[in-house]
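J.:
There are 2 protein chains.
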Amino acid sequence: MFDYKLLSALAAVIEQAGFERAAQVLGLSQSAISQRIKLLEARVGQPVLVRANPPSPTDVGRRLLNHVQQVRLLERDLQRQVPALDAEGMPERLRIALNADSLATWWAGAVGEFCADQQVLLDLVVEDQEVGLKRMRAGEVAACLCGSERPVAGARSLLLGAMRYRALASPAFMARYFPAGFAAARLSRTPALVFGPDDFLQHRYLASLGIQDGFLHHLCPSSEGFLRMTEAGLGWGLVPELQVRDQLASGRLVEISADKPIDVPLYWHHWRNGGQLLGQLTDHLRLTAGQWLVPL
Amino acid sequence: MFDYKLLSALAAVIEQAGFERAAQVLGLSQSAISQRIKLLEARVGQPVLVRANPPSPTDVGRRLLNHVQQVRLLERDLQRQVPALDAEGMPERLRIALNADSLATWWAGAVGEFCADQQVLLDLVVEDQEVGLKRMRAGEVAACLCGSERPVAGARSLLLGAMRYRALASPAFMARYFPAGFAAARLSRTPALVFGPDDFLQHRYLASLGIQDGFLHHLCPSSEGFLRMTEAGLGWGLVPELQVRDQLASGRLVEISADKPIDVPLYWHHWRNGGQLLGQLTDHLRLTAGQWLVPL
């Protein structure tokens, strides 16, 4: 079997973002941590860490970390049956990739109590779906929440529901660019907001109005920034309905055209052999996500 | 002089995230765009684009794009004096790196009207300060908003004020982890929220209470996600005061300990030869940022 003393030294250095903190957490000296890392590198035959501040894993280091995470999830299950096996006594960590809009809206409400009750710490990674699934495939995350259905090898996917987006702008924006009322034909010469190069929601909305051209846009890679820029009248854009209930009720934001929502499905991808904790989180999401997502 | 037909084809392919849209925007065929890119690569002697979907610039491509952006800013100034010089008629783009918390709070309110009046489109990049300044140095962004004072070569920096952070948690979180009232000594065994490996605010807060150990934490690289997770009782964390006025007033979030804010300075870094538009934006920020930031 692997030498888990070496592997947990590696995990501690990454999770604590440094040798000093890793040593504190494991109750070892810093030189003991350094020696374990060096020994691990001698066995693997290549570096496992990039010595920067904070240290980051090399490719092979990342694979080892992933293995440590999987083993810990399995250990957690065993510990339920055979308590007091674990000497470190650290709460479990789950590394999950998810889309920015879920994290900005319903995610915390959905998992808050679960994480507190189960004493689990989350390492969240914000990624668009392509990169999120690539990380699943590389084993860097245990689960991924994204718009794509097809599971990667070794994983399952589960449809949780859809996020509903509405094309919104501020009343001042509408007055400036559409003084005579909304006209689809003018939309491509009116500044839009786009999250990033992989965000095609605004393109889809324009296509649904029969507009295929390029269009003027700001780029704003932040969910809350996107909303603030919409409120400040910088552009129109598709915003999750969950995020703007107050703004729609108070009239601070308005739909640019008649009721034309876009529903984006959300799939939960999770490792098949992710252990009981990941299975419980999956069941929990299956049961609760409907409070925030619409059926597809 | 350079051949700007070739350079603006490159800029259009990147800004429009594809050859097809670039062709539409420039009123050319797709094959004309391809030929211009190939000709440009023949002149430069190396690829300027990574042919992916969407295309991305190579290192040398990025340097060319930066040059195009600088030239456009200078052209814009000239155009004021000699109108109708520009055949493309596209609004100006400014590429700016800024910290996530500014984008999630005061940025849009501060620049909204300015951008609408000046017809400028923003390409925003969210980066922590080290990377933001590295991008300034590489000429990839025209300006950068970050916590570091020292300007890179060719740029100036200006102190705009400070963002005030408060250590907050939900009442349910406090009841769960501090049933007998707050005790600093227990804080390192109480889950915290940390934005990412470069976020040391929570460490600074703990150090101010005399706690030097590592501590339990979730990682959540999203300003709004961070706030949602605090509200949902997943952890305590340092949140910009600007973002939580309602939550503090209504009692949905409380300060974990007595009044102990942390003020983080914000510096505006901008190219010295960035043209009039960048100069005006700088003046505008100098005059208005005090509405949101506290004096340092």
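Sequence order for the protein chains is A and B.
Take the first sequence: its position 166, counted from the start at 1, is 166 in full-length UniProt numbering, and no numbers get skipped.
Take the second sequence: its position 136, counted from the start at 1, is 136 in full-length UniProt numbering, and no numbers get skipped.
Just so it is clear, CB atoms sit at the ideal spot from N, CA and C, and this is done for glycine as well.
As the structure is a computational prediction, the values presented were derived from the model and not from experiment.
Compute the Euclidean distance between the alpha carbons of P171/A and M136/A, then round it to the nearest angstrom.
T.: Locating residue 171/A in the first sequence gives position 171, counting from the first residue. Locating residue 136/A in the first sequence gives position 136, counting from the first residue. Roughly 42 Å separates the two Cα atoms.
J.: Compare the C-alpha of Y177/A against each of K38/A, A17/A, W236/A, R72/A and name the closest.
T.: As a first step, residue 177/A must be located in the first sequence, where it is residue number 177. The shortest Cα separation from Y177/A among K38/A, A17/A, W236/A, R72/A belongs to W236/A.
J.: From A185/B to M174/B, what distance separates their C-alpha atoms?
T.: In the second sequence, the residue the question calls residue 185/B occupies position 185. In the second sequence, the residue the question calls residue 174/B occupies position 174. In a straight line, the C-alpha of A185/B is about 14 Å away from that of M174/B.
J.: Just grab the DSSP bridge partners of S157/A for me.
T.: What you label residue 157/A is simply residue 157 of the first sequence in a count that begins at 1. Bridge partners of S157/A: H269/A.
J.: In three-state DSSP terms, what is R150/A?
T.: Start at 1 with the first residue of the first sequence, and residue 150/A comes out as number 150. Three-state DSSP puts R150/A in coil, outside helix and strand.
J.: Is the beta carbon of R150/B closer than 8 Å to that of L263/B?
T.: Indexing the second sequence from 1 puts residue 263/B at position 263. Indexing the second sequence from 1 puts residue 150/B at position 150. A small fix is needed here, since residue 263/B is Asp in this sequence, not Leu. No, these two residues do not count as a Cβ contact at 8 Å.
J.: If you measure from the beta carbon of H218/A to each beta carbon in chain B, is any gap under 8 Å?
T.: Taking the first sequence and counting its residues from 1, one reaches residue 218/A at position 218. Yes, contact with chain B.
J.: Can you name the residues of chain B whose CB is closer than 7 Å to the CB of V25/A?
T.: Working through the first sequence from its first residue, we reach residue 25/A at position 25. The contacting residues are G214.
J.: L248/A to R166/A, Cα distance in whole Å?
T.: In the first sequence, residue 248/A corresponds to position 248, counting from 1. In the first sequence, residue 166/A corresponds to position 166, counting from 1. Approximately 10 Å, taken between the alpha carbons.
J.: Per DSSP, A167/B forms a beta bridge with which residues?
T.: Translated into the one-based positions of the second sequence, residue 167/B becomes position 167. DSSP, once it has assigned bridges, lists L238/B as partnering A167/B.
J.: Entirely within the stretch 180–217 of chain B and at least 3 residues each: give me those beta strand (DSSP E) ranges in chain order.
T.: Counting whole runs of 3 or more residues, the stretch 180–217 of chain B contains the beta strand (DSSP E) stretches 192–194.
J.: For R51/B and L39/B, I'd like the C-alpha separation in whole angstroms.
T.: Counted from its first residue, the second sequence places residue 51/B at position 51. Counted from its first residue, the second sequence places residue 39/B at position 39. Whole-angstrom Cα-Cα distance: 15 Å.
J.: What residue range does the alpha helix (DSSP H) around R245/A cover?
T.: Position 245 of the first sequence, counted from the first residue, corresponds to residue 245/A. Where R245/A is concerned, the enclosing alpha helix (DSSP H) stretches over 245–250.
J.: How about S257/B: is its C-beta nearer than 8 Å to some C-beta of chain A?
T.: By one-based count along the second sequence, residue 257/B stands at place 257. So no, S257/B is outside the interface.
J.: Do you know offhand how far R228/B's Cα is from V244/B's?
T.: Position 228 of the second sequence, counted from the start, is the residue given in the question as residue 228/B. Position 244 of the second sequence, counted from the start, is the residue given in the question as residue 244/B. The alpha-carbon atoms of R228/B and V244/B are separated by roughly 11 Å.
J.: Using CA atoms only, rank isn't needed, just tell me which of H67/B, L278/B, V294/B, A289/B is closest to Q119/B.
T.: Counted from its first residue, the second sequence places residue 119/B at position 119. Nearest C-alpha to Q119/B: L278/B.
J.: At a Cβ cut of 7 Å, what residues of the stretch 168–195 of chain B count as close to chain A, listed as they run along the chain?
T.: Listed in sequence order: R176, P191.
J.: Determine whether the Cβ of Q69/A lies closer than 8 Å to any Cβ atom of chain B.
T.: On the first sequence, position 69 is the one that residue 69/A refers to. Judged by the 8 Å Cβ criterion, Q69/A is not in contact with chain B.
J.: Can you pull the chain A residues whose beta carbon is under 7 Å from the beta carbon of E241/B, in chain order?
T.: Stepping through the second sequence from its first residue, residue 241/B is reached at position 241. Residues of chain A passing the Cβ test: none, with the nearest at roughly 15 Å.
J.: Can the beta-carbon of V68/B be found closer than 8 Å to that of P57/B?
T.: Here residue 68/B refers to the residue found at position 68 of the second sequence. Here residue 57/B refers to the residue found at position 57 of the second sequence. Cβ atoms of V68/B and P57/B: not closer than 8 Å.
J.: Which residues, in chain order, does the stretch 109–140 of chain A contribute to contact with chain B at a C-beta distance below 8 Å?
T.: Those residues of the stretch 109–140 of chain A that come within reach of chain B (Cβ to Cβ, closer than 8 Å) are G109, V111, G112, E113, C115, A116, L121, L122, D123, L124, V125, V126.
J.: So L234/A and C115/B are in contact, right, with Cβ under 8 Å, and what is the actual spacing, rounded?
T.: Reading the first sequence from its first residue, position 234 is the one you call residue 234/A. Reading the second sequence from its first residue, position 115 is the one you call residue 115/B. At roughly 6 Å, the Cβ-Cβ gap stays under 8 Å, so L234/A and C115/B are in contact.
J.: Short check: CB of L187/B to CB of E255/B, under 8 Å?
T.: Residue 187/B sits at position 187 when you count from the first residue of the second sequence. Residue 255/B sits at position 255 when you count from the first residue of the second sequence. Contact flag unset, no.
J.: Assess contact between the stretch 278–288 of chain A and the stretch 11–22 of chain B, defined as three or more Cβ pairs (one per stretch) separated by less than 8 Å. Is contact present?
T.: No, they do not touch.
J.: Residues in its own chain within less than 8 Å of G196/B by CB, not counting five upstream and five downstream?
T.: Translated into positions along the second sequence, residue 196/B becomes position 196. Counting only Cβ-Cβ distances below 8 Å, and skipping sequence neighbours, we find D128, L219, P221.
J.: Could you tell me how far apart the beta carbons of A97/B and V141/B are, in whole angstroms, since I believe they sit closer than 8 Å?
T.: For the purposes of this step, residue 97/B is taken as the residue at position 97 of the second sequence. For the purposes of this step, residue 141/B is taken as the residue at position 141 of the second sequence. With a Cβ gap of about 5 Å, A97/B and V141/B count as contacting.
J.: Using a Cβ cut-off of 8 Å (strictly closer), state whether P295/B contacts chain A.
T.: Translated into positions along the second sequence, residue 295/B becomes position 295. No, P295/B lies away from the interface with chain A (no Cβ there is under 8 Å from its Cβ).
J.: Who are R95/A's beta bridge partners in DSSP?
T.: Within the first sequence, residue 95/A is the residue found at index 95, counting from 1. DSSP lists D123/A as partners of R95/A.
J.: With a threshold of 8 Å between beta-carbons, can Q16/B be considered close to chain A, or not?
T.: Taking the first residue of the second sequence as position 1, residue 16/B is located at position 16. It does; some Cβ of chain A falls within 8 Å.
J.: Hey, A9/B and I37/B: beta-carbon distance below 8 Å or not?
T.: Within the second sequence, the letter at position 9 stands for residue 9/B. Within the second sequence, the letter at position 37 stands for residue 37/B. In contact: A9/B and I37/B (Cβ atoms closer than 8 Å).
J.: Given a threshold of 16 other Cβ atoms within 10 Å of its Cβ, counted over all protein chains shown, does N99/A qualify as buried or as exposed?
T.: As a position in the first sequence, residue 99/A is number 99, starting the count at 1. It is buried - the Cβ of N99/A has at least 16 other Cβ atoms within 10 Å.
J.: For P57/B, return the contacting residues in chain A, with the cut-off set at a CB-CB distance below 8 Å.
T.: As a first step, residue 57/B must be located in the second sequence, where it is residue number 57. Those do not exist, as P57/B stays about 12 Å from chain A at its closest Cβ, beyond 8 Å.
J.: May I have the straight-line CA-CA distance separating L209/B from E20/A, to the nearest angstrom?
T.: One-based indexing of the second sequence puts residue 209/B at position 209. One-based indexing of the first sequence puts residue 20/A at position 20. When rounded, the distance between both Cα atoms is 19 Å.
J.: Does any C-beta atom of chain B lie closer than 8 Å to the C-beta of Q6/A?
T.: Here the question's residue 6/A lines up with position 6 in the first sequence. Note that residue 6/A is Leu in the sequence shown here, rather than Gln. It does not; no Cβ of chain B falls within 8 Å.
J.: Is the shortest distance between the beta-carbon of M163/B and the beta-carbons of chain A less than 8 Å?
T.: As a working mapping, residue 163/B is identified with position 163 in the second sequence. Answer no: the Cβ-Cβ gap between M163/B and chain A never drops below 8 Å.
J.: Checking the sheet assignment: what are the DSSP bridge partners for D259/A?
T.: Taking the first sequence and counting its residues from 1, the one referred to as residue 259/A is at position 259. Per DSSP, none; premise fails for D259/A.
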